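Peer 1: Those sequence lines, one after another, are chains A and B.
Counting with UniProt numbering, you get residues 1 to 330 for the letters of the first sequence.
Counting with UniProt numbering, you get residues 1 to 338 for the letters of the second sequence.
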Amino acid sequence: MEEKKPFVKINNISMWYPQKSKSLSQVIKREKQWVKAVDNVSLELQKGEILGVIGESGCGKSTLGRALARLEHPTQGDVFIDDVSTQNLIKQDQRKFRRTVQIVFQNPFDTFTPRDTIEKILMRPLKLHGIGKSEEERKQKCIDILESGGLKPAEEIMKRYPHELSGGQLQRISILRSMLFNPQFIIADEPVSMLDVSVRAEIINMLVTLSREKDATVVFISHDIALTRYISDKIAVMYLGKIIEYGDSETIINRPQHPYTQALISNTPSIDLDEIRETIKVEGEPPTPVNPGPGCYFAPRCFKATKNCFKHYPDTVELESGHLVSCSEI
Amino acid sequence: MDRVLELKDFNVTYKNKTKKVYAVKDINLTINKGDSLGIVGESGSGKSTLAMAILRLLPERNTEITGSSNFANKDLVQASEKELKEIRWKELSVVFQKSMNALSPVHRIGEQIEDIYRVHKPNARKEEIFDRIKALLRLVNLSERVFKMYPHELSGGMLQRVAIAISLIHDPKLLIMDEATTALDVVTQGQILEEIVKMEQTLDVTRIMITHDISVVATTCNKIAVLYAGELMEVGYVKDILKEPKHPYTKGLLSSIPSLSGEKETLTGIKGHLPDLSQKYEGCIFAPRCEHAMEQCGKSKPSETQLTGENRVWCHLYSQSDRGEQLDISKNLAEVNR
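Printed below as a string of C-alpha cells:
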C-alpha cells in the first residue's frame, strides 16, 4: 500500500482537569489530583477519511472532540491539519481556524439561539467571516445550502424559529451550518443519538454524502457501535482517556484483538436473530479516570489479565498494517 | 392459555383546558402467561404512556383512560386506589429507566428492600426477609454485601440491578420494564439483559419490555408490539417479525438500523415526521409517511388482520375484503408496485 501523508495529525493530545484536593494531607502537600479525561492520544487521518471513535460514557470521547475543535485548550499536545499547527493557527487567525474546523453537537435543541430565526442563525457567521458581497448573496447561499440538504422550501424554513422545527430538521440545519465554510475537518459528536431511529438514517446519509462531496475529514464520535461501523472507514476504541485499539472499521468489528473491544462488541445487542455470539463478561464498571494505573487501565476488569498487566501500561503494537492494539497479552 | 393482561379498546388522552392529545388509541392486546412482550416505538409513540396507564400511575386530573385492562380478575382502569395498592409490587411491578434514583440516599439498600417486603407481609420475621433479599441479590448477580451498603456506594448498573431485585420481591405476575437498561453502558446493559433472560427460566414471571431499541427486544423477548403515534402497527412473534416484517413502518424501522455483521447495507430510514397527536385522523396514521400508501389509506383506518398464528397487522395492504377469503397480499403489493 502506498504510504500517504496524513492530512490531520493528532499528536499526543491530552486533556487533564485538576481535581479538588479531598484529604487534608493532599492539601498540605499540595498534591494535585488530575482527572485524565484524554491522555496522550495520537491519531492520523487521511484526507476525506471518516474516523469513528467509540467507547462507554465517561471514556473521554466527547472531551477529545472538544479538544480537537479547540473549545478547550488541551493540557498538552497539538493537532496538525495539513502540516499547520492548530495551536498557532488559533492564536494568529481564529476565524480561519473556525473555517477549517467545525463541530456538530449532540443535542440539536441546544445548538441554536432560541430567540433567532434560522435565517439570522445562518447569516450571522457568513457576515462575521465576510463571505458574500451583499445581503442577497449571503441569503442565496443559505437557501442553496438548506436545499442541498433536502430542506424545502428553504425560504419558509428560514423564517422559522428553532422551536418550530423538529429535532431531525434542526440537526440537519446544524450539520449544514457546519458545512457553510467548506471545512476541512469536521467533528461530529454523537450527531444522531438524540434522534429517532427512523430519521437517523437520512441524517447520517446526508453527513456522509456532504463530507464526501467536500472531501472533508470527519471524526465521528458515538457510543453506537453498529452505526459507527456503518459510517466510518477507521475506528478507534477509547477506554479511560486512551485509545486502546485502532484500525479499519471492518477489522475492528470482525476481528477485535483487545479484550475490551471484544467485550464491547460481544455485549452489543443485535437485531440479527441467527447470529449466535458468546458474550464476554466484564466485571465491574469503568473506574474513575483520577490517577489511573500503573498498569493497563482495563486490567482490573479484564478476563485475560495477568500479573504483568498491573505493572506498566502496555505498549502499542501494530498487528497488521494499520491495526494498532495496546495490550500486553497479544 | 392463561391470560395475564388483556387490554381492550384501551385509550389514553391527555387534556388541558384548550386541547386534547390522543396519546394511545384503541389498543387491543393480550399478554399470555410466560410471554415476554417488547413494546417498541419512537419517542412520542405512546409506549411509556401505555405502561403508565396500565400501572395507573398517570395523574387523574389531566388524563382520561377509557376501555378496559383486565389483570388478575380486575379491571385496572376502574380499580380504586385501595385495590391498586394491594396489587402493586405484589402482582404488578415496574422498573423505570431511572428507578435507581428512587432509592433513598440515607438508608441502606437492605433496609429499603425490607420496607417494600413489609408492605405486603407486615408480620414477616427478620430472618425470612433476609433470606429472601439475599436470594434476590444473588439472582441479579450482586454480592450479599450490597445489603449493608448505601446507594452512593454502588454504580449505576448495580443500582439498576437492585431496582430489578426490588421489583421481583413478591414474585409478581407481571413485570413492566420501561427503558430499564437504556441509561446504562453497552457492556453493563448487555450483561443485565442476559441476566434477565437467565433469571426468567427459574421464575414464573411475565414481562413487558418497553424500549426504543429493537435490538434489546430481539435479545430478550419472544413477542413484539410495534407502536406508532399511539396506535398498534404490528404484533407477533419476534422471530417472525424481525425476519419478515409486514407493516411498512416496521420495515422502515428495521431498515434504519445498521447491523454489526454481514454486508453493509444502505440505511434508508423513513421520510417525514410524527403527526400532530392533538388531531384525530381519518385514515391510517402512518399513511403520510408510507411509501405504499393507497387511496384507501387516507380514507379509513385499517382494521386488524390476522396473519399466521398470533401475528397481527394493521395495514390496508393486508386487509381482507371478505372474511374467510385467502389473503390477497400479492395482488395488493403488485398494485402498489405498479
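Backbone N, C-alpha and C define an ideal beta-carbon position, used for all residues, glycine too.
It should be emphasised that the depicted structure is a prediction, and the values quoted were computed from it without experimental measurement.
Do the segment 176-185 of chain B and the segment 202-217 of chain B touch if we need at least three Cβ pairs shorter than 8 Å?
Peer 2: Yes, the segment 176-185 of chain B is in contact with the segment 202-217 of chain B.
Peer 1: The alpha helix (DSSP H) spanning A:Lys-20 covers which residue range?
Peer 2: Start at 1 with the first residue of the first sequence, and residue 20 of chain A comes out as number 20. First-last for A:Lys-20: undefined, no H or E at that position.
Peer 1: Tell me, please, which residues DSSP counts as bridged to A:Asp-189.
Peer 2: Indexing the first sequence from 1 puts residue 189 of chain A at position 189. The partner list for A:Asp-189 (beta bridge, DSSP) reads A:Ile-221.
Peer 1: Could you work out which residues of chain B lie near A:Ser-62, taking near to mean beta carbons separated by less than 8 Å?
Peer 2: Here the question's residue 62 of chain A lines up with position 62 in the first sequence. By Cβ distance, chain B contributes nothing, its closest Cβ being about 14 Å from A:Ser-62, past 8 Å.
Peer 1: Straight-line CA distance for B:Glu-111 to B:Phe-147?
Peer 2: Numbered from 1 along the second sequence, position 111 holds the residue referred to as residue 111 of chain B. Numbered from 1 along the second sequence, position 147 holds the residue referred to as residue 147 of chain B. C-alpha separation (whole angstroms): 8 Å.
Peer 1: If B:Thr-206 sits next to B:Lys-33, beta carbons under 8 Å apart, how far is it from one beta carbon to the other, in whole angstroms?
Peer 2: Along the second sequence, one-based indexing puts residue 206 of chain B at 206. Along the second sequence, one-based indexing puts residue 33 of chain B at 33. At roughly 6 Å, the Cβ-Cβ gap stays under 8 Å, so B:Thr-206 and B:Lys-33 are in contact.
Peer 1: Please confirm if the segment 60-77 of chain A is in contact with the segment 135-154 of chain A, defined as three or more CB-CB distances below 8 Å between the two stretches.
Peer 2: Counting Cβ pairs under 8 Å, fewer than three are found: no touch.
Peer 1: If you count every other CB in all the chains shown that lies within 10 Å of the CB of A:Val-282, and 16 or more means buried, which is it?
Peer 2: Indexing the first sequence from 1 puts residue 282 of chain A at position 282. It is buried - the Cβ of A:Val-282 has at least 16 other Cβ atoms within 10 Å.
Peer 1: Exposed or buried, A:Asn-267, counting other C-beta atoms within 10 Å across all chains shown (16 or more means buried)?
Peer 2: By one-based count along the first sequence, residue 267 of chain A stands at place 267. Under this definition A:Asn-267 is a buried residue.
Peer 1: According to DSSP, is A:Ile-10 helix, strand or coil?
Peer 2: Stepping through the first sequence from its first residue, residue 10 of chain A is reached at position 10. A:Ile-10 falls in the strand class under three-state DSSP.
Peer 1: Quick one: complete beta strand (DSSP E) runs, 3+ long, within the segment 151-178 of chain A?
Peer 2: DSSP runs (the beta strand (DSSP E)) wholly in the segment 151-178 of chain A: none.
Peer 1: Please return the same chain residues whose Cβ sits closer than 6 Å to the Cβ of B:Arg-161, not counting the five positions on each side in sequence.
Peer 2: Numbered from its first residue, the second sequence carries residue 161 of chain B at position 161. Result list for B:Arg-161: Val-140, Leu-142, in chain order.
Peer 1: Hey, out of A:Pro-18, A:Asn-40, A:Ser-85, A:Val-8, whose CA is closest to A:Lys-47's CA?
Peer 2: Along the first sequence, one-based indexing puts residue 47 of chain A at 47. It is A:Val-8 whose Cα lies nearest to the Cα of A:Lys-47.
Peer 1: Quick check for students: name the residue ranges of the alpha helix (DSSP H) that lie wholly in the segment 118-194 of chain B, counting only runs of 4 or more.
Peer 2: 126-139, 156-167, all fully within the segment 118-194 of chain B.
Peer 1: In chain order, what residues of the segment 141-170 of chain A put their CB closer than 7 Å to some CB of chain B?
Peer 2: Residues passing the 7 Å Cβ filter: Ser-166, Gly-168.
Peer 1: To the nearest angstrom, how far is it from the Cα of A:Val-192 to the Cα of A:Thr-261?
Peer 2: Counting from one through the first sequence, the residue named residue 192 of chain A turns up at place 192. Counting from one through the first sequence, the residue named residue 261 of chain A turns up at place 261. Distance between the alpha carbons of A:Val-192 and A:Thr-261: 22 Å.
Peer 1: Confirm, please, whether the CB-CB distance from B:Lys-90 to B:His-152 is below 8 Å.
Peer 2: As a position in the second sequence, residue 152 of chain B is number 152, starting the count at 1. As a position in the second sequence, residue 90 of chain B is number 90, starting the count at 1. Not in contact: B:His-152 and B:Lys-90 (Cβ atoms no closer than 8 Å).
Peer 1: With distances taken from CA atoms, which of A:Ala-299, A:Pro-6, A:Glu-202 is nearest A:Phe-80?
Peer 2: In the first sequence, counting from the first residue as 1, residue 80 of chain A sits at position 80. The residue with the shortest Cα to Cα distance from A:Phe-80 is A:Pro-6.
Peer 1: Closer than 8 Å by C-beta to A:Ala-236: which residues in its own chain qualify, once you throw out the five before and the five after it? Chain order, please.
Peer 2: Taking the first sequence and counting its residues from 1, the one referred to as residue 236 of chain A is at position 236. Counting only Cβ-Cβ distances below 8 Å, and skipping sequence neighbours, we find Leu-43, Leu-51, Gly-52, Val-53, Ile-54, Ile-243, Glu-245, Tyr-246.
Peer 1: Counting only Cβ pairs nearer than 9 Å, list the residues of chain A close to B:Gln-191.
Peer 2: Here residue 191 of chain B refers to the residue found at position 191 when the second sequence is read from its first residue. Near B:Gln-191 (Cβ distances below 9 Å), the residues of chain A are Asn-267, Thr-279, Lys-281, Val-282.
Peer 1: Cβ closer than 8 Å: which chain A residues qualify as neighbours of B:Val-186?
Peer 2: Numbered from 1 along the second sequence, position 186 holds the residue referred to as residue 186 of chain B. Near B:Val-186 (Cβ distances below 8 Å), the residues of chain A are Glu-56, His-223, Ile-225, Leu-264, Asn-267, Thr-268.
Peer 1: Helix, strand or coil: how does DSSP classify B:Tyr-318 here?
Peer 2: By one-based count along the second sequence, residue 318 of chain B stands at place 318. It is coil, neither helix nor strand.
Peer 1: Can you tell me which of B:Glu-282, B:Glu-127, B:Arg-56 puts its alpha carbon nearest to the alpha carbon of B:Glu-81?
Peer 2: Counting from one through the second sequence, the residue named residue 81 of chain B turns up at place 81. Among B:Glu-282, B:Glu-127, B:Arg-56, the Cα nearest to that of B:Glu-81 is on B:Arg-56.
Peer 1: Out of A:Val-101, A:Gln-76, A:Ser-211, which has the shortest C-alpha to C-alpha gap to A:Val-84?
Peer 2: As a first step, residue 84 of chain A is located in the first sequence; it is residue number 84 there, counting from the start. That would be A:Val-101, whose Cα lies nearest to the Cα of A:Val-84.
Peer 1: Under 6 Å Cβ to Cβ from B:Ser-93, same chain only, skipping five residues before and after it: list those, please.
Peer 2: Taking the first residue of the second sequence as 1, we reach residue 93 of chain B at position 93. If we look at B:Ser-93 and ignore the five residues flanking it on each side, its Cβ neighbours are Ser-167, Pro-172, Leu-175.
Peer 1: From the DSSP output, in three-state form, read off A:Tyr-239 for me.
Peer 2: Start at 1 with the first residue of the first sequence, and residue 239 of chain A comes out as number 239. In this structure, A:Tyr-239 counts as strand in the three-state DSSP scheme.
Peer 1: Counting only C-beta atoms, is A:Val-199 closer than 8 Å to chain B at any point?
Peer 2: Counting from one through the first sequence, the residue named residue 199 of chain A turns up at place 199. For A:Val-199, the answer is yes, since a Cβ of chain B falls inside 8 Å of its Cβ.
Peer 1: To the nearest angstrom, report how far apart A:Glu-213 and A:Leu-207 are at their CA atoms.
Peer 2: As a working mapping, residue 213 of chain A is identified with position 213 in the first sequence. As a working mapping, residue 207 of chain A is identified with position 207 in the first sequence. Using only the alpha carbons, I get a separation of about 10 Å.
Peer 1: Which residue from B:Val-21, B:Ile-270, B:Gly-236, B:Asn-11 puts its Cα closest to that of B:Leu-307?
Peer 2: Counting from one through the second sequence, the residue named residue 307 of chain B turns up at place 307. Cα-wise, what sits closest to B:Leu-307 is B:Gly-236.
Peer 1: Residues of the segment 291-310 of chain B in Cβ contact with chain A at a cutoff of 7 Å, in chain order, please.
Peer 2: Listed by position, the residues of the segment 291-310 of chain B near chain A (Cβ gap below 7 Å) amount to none.
Peer 1: State yes or no: is the beta carbon of A:Glu-2 nearer than 8 Å to at least one beta carbon in chain B?
Peer 2: Stepping through the first sequence from its first residue, residue 2 of chain A is reached at position 2. Because A:Glu-2 sits at a pLDDT of 48, beneath the cut-off of 50, its placement in the model cannot be relied upon, and the following sentence gives the value as read from the coordinates. Cβ-Cβ to chain B under 8 Å: no for A:Glu-2.
Peer 1: Going by Cα to Cα distance, which pick from B:Gly-41, B:Glu-265, B:Met-209 is closest to A:Val-197?
Peer 2: Taking the first sequence and counting its residues from 1, the one referred to as residue 197 of chain A is at position 197. Nearest option by C-alpha distance: B:Gly-41.
Peer 1: Output the distance between the C-alpha atoms of B:Gln-326 and B:Pro-59, rounded to the nearest integer angstrom.
Peer 2: The residue labelled residue 326 of chain B in the question sits at position 326 within the second sequence. The residue labelled residue 59 of chain B in the question sits at position 59 within the second sequence. Here B:Gln-326 scores only 42 on pLDDT, less than 50, and its place in the model is too uncertain to base an answer on.
Peer 1: State buried or exposed for B:Glu-265, treating a residue as buried only when at least 16 other CB atoms are found within 10 Å of its CB.
Peer 2: Here the question's residue 265 of chain B lines up with position 265 in the second sequence. So B:Glu-265 ends up on the exposed side.
Peer 1: For the putative contact between A:Thr-228 and A:Lys-159, defined by C-beta atoms under 8 Å, what is the C-beta separation to the nearest angstrom?
Peer 2: Counting from one through the first sequence, the residue named residue 228 of chain A turns up at place 228. Counting from one through the first sequence, the residue named residue 159 of chain A turns up at place 159. That belief does not hold up - the Cβ atoms of A:Thr-228 and A:Lys-159 are roughly 36 Å apart, past 8 Å.
Peer 1: Alpha carbon to alpha carbon, what distance is there between A:Glu-56 and B:Ile-196?
Peer 2: Position 196 of the second sequence holds residue 196 of chain B. Position 56 of the first sequence holds residue 56 of chain A. Those two C-alpha atoms are separated by around 22 Å.
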